[in-house]
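Novice: Under our numbering, the first residue of the sequence shown is numbered 1112, with each subsequent residue one higher.
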Amino acid sequence: MPQEKTTLEVIAPTTDEAIANGLKQLGINEDMVDVEILDAGSRGLLGIGGRQSRVRLTIKAEPEKVSESKPQKGSSNSSAPVGEMVEYREAKSIDADALSEDEKQALKVSKTVVVELLERMRVKAVVEPCYIAPEDERDERIILIDIQGNDLSILIGRRSETLNALQYISSLIVSKELGRWVPMMIDVQGYRKRRDRQLRQLGRKMAEQAVQTGRRQVLEPMPANERRVIHLELRNHAEVITESMGDEPYRKVTISPKN
């Protein structure tokens, strides 16, 4: 699954200050981003006509995948691709007594990281982490960070771009702290749960239209994790097939009749 890149443009009196300010806003180290100097700026003459520096910070693409061997149940080693966005799934939380010491530590670190990021964003909210159970033997335990509070729409953003960026950045920081990739999912006031249900209903509805009309149906552009929900919902459908087409950030799902 291609990982959408998160970018941030910063303006400051000097290039170094712009980079430092951007890293502070993202809450990550310089080795985790690619830096592009858009405008080196100018001091001007005698302080007149000066121009500020402008840089673009892009969080680096996902690193190599970790071992493909399937982890033992309850193991803290993940076989998920490093940096891959984790899609929402409904599952029961795992009781704290059933967690390993590594998993308990991962919960503690993940809560600390998300709380600190929210503080940097000046957002007041309650953060509760837990592990949720795998859907089947092919799946694995992942951390769910549940964020609750008043008017947290700022954390979701257009097409959930802000929420996806927060989840991706949090996963990178937690993984760096623990020295291994830690799959995480962040939900804000139940948004992902509602969105997941909407996407599955949309997928089934458009599949029916594709069968009835005999024509390919094209959905609106979606982030990679949301497209995956549609693909998974219809993967066993007897009469339609799904594909993704286009380039990010306008990549979309198509649903076509098999015959």
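Glycine included, each C-beta is placed from N, C-alpha and C at the ideal position. Bear in mind that the values here come from a model prediction, so they are computed numbers and not experimental data.
Quick check on the burial criterion: 16 or more other C-beta atoms within 10 angstroms. Buried or exposed for Y1279?
Specialist: Y1279 should be labelled buried.
Novice: Between which two residues does the beta strand (DSSP E) carrying T1118 extend?
Specialist: It spans T1118 to A1123 - the beta strand (DSSP E) in which T1118 sits, taken as one unbroken run.
Novice: Please check the pair I1341 and L1310, which I expect to be a contact at CB under 8 angstroms, by giving their CB distance rounded to whole angstroms.
Specialist: The pair is a contact, with the Cβ atoms about 6 angstroms apart (cut-off 8 angstroms).
Novice: DSSP puts G1322 in a beta bridge; with which residues?
Specialist: The identity of residue 1322 in the sequence shown is Val, whereas the question assumes Gly. Paired residues: none, contrary to the question.
Novice: According to DSSP, is L1345 part of a helix, a strand, or is it coil?
Specialist: If DSSP states are grouped into helix, strand and coil, L1345 belongs with the helices.
Novice: From which residue to which residue does the beta strand (DSSP E) around D1150 run?
Specialist: Its beta strand (DSSP E) spans residues V1144 to D1150.
Novice: Buried or exposed, going by whether 16 or more other CB atoms sit within 10 Å of the CB of G1194?
Specialist: Because G1194 carries a pLDDT of 46, less than 50, the predicted location of this residue cannot be relied on, and the following value inherits that uncertainty. Per the 10 Å Cβ criterion, buried.
Novice: Do you know offhand how far V1364's Cα is from V1293's?
Specialist: About 28 angstroms.
Novice: Which of helix, strand or coil does DSSP assign to D1262?
Specialist: Coil at D1262, not helix or strand.
Novice: Across which residues does DSSP place Y1100 in a beta bridge pair?
Specialist: Only positions 1112 to 1370 of the chain appear in this structure, which leaves residue 1100 out of reach.
Novice: Could you tell me the alpha carbon to alpha carbon distance between E1128 and S1164, rounded to whole angstroms?
Specialist: When rounded, the distance between both Cα atoms is 9 angstroms.
Novice: Might you give, ordered along the chain, the residues of its own chain that have their beta carbon closer than 8 angstroms to the beta carbon of I1130, omitting 5 neighbours on each side?
Specialist: Contacts found: V1121, E1141, V1146, V1166 and L1168.
Novice: According to DSSP, simplified to helix, strand and coil, what is L1330?
Specialist: If DSSP states are grouped into helix, strand and coil, L1330 belongs with coil.
Novice: Does K1363 come out as helix, strand or coil in the three-state DSSP assignment?
Specialist: Correct three-state label for K1363: strand.
Novice: Is it buried or exposed for E1354, if we count other Cβ within 10 angstroms and need 16 for buried?
Specialist: E1354 comes out exposed.
Novice: Specify, as a first and last residue, the run of the alpha helix (DSSP H) that E1227 falls within.
Specialist: That run of the alpha helix (DSSP H) goes E1212 to R1231.
Novice: With a cut-off of 8 angstroms on the beta carbons, I'd call S1221 and I1254 a contact; round off their distance for me.
Specialist: With 8 angstroms as the limit, S1221 and I1254 qualify as a contact, their Cβ atoms being about 5 angstroms apart.
Novice: According to the neighbour-count rule (16 or more other Cβ atoms, all chains shown, within 10 Å of its Cβ), is V1237 buried or exposed?
Specialist: It counts as exposed.
Novice: How long is the line joining the alpha carbons of G1133 and L1119, rounded to whole angstroms?
Specialist: Going by the C-alpha atoms only, they are around 7 angstroms apart.
Novice: Considering S1164, what are the terminal residues of the beta strand (DSSP E) in which it resides?
Specialist: First-last of the beta strand (DSSP E) with S1164: S1164 to I1170.
Novice: Which stretch, first to last residue, makes up the alpha helix (DSSP H) that contains V1398?
Specialist: The displayed coordinates of the chain run from 1112 to 1370. Any statement about residue 1398 would go beyond what the structure contains.
Novice: Quick check: the Cα distance between E1288 and D1298, rounded to an integer number of angstroms?
Specialist: Roughly 22 angstroms between the two C-alpha positions.
Novice: Are V1322 and P1368 touching if we call contact CB-CB under 7 angstroms?
Specialist: It is a contact, given that the beta carbons lie within the stated cut-off.
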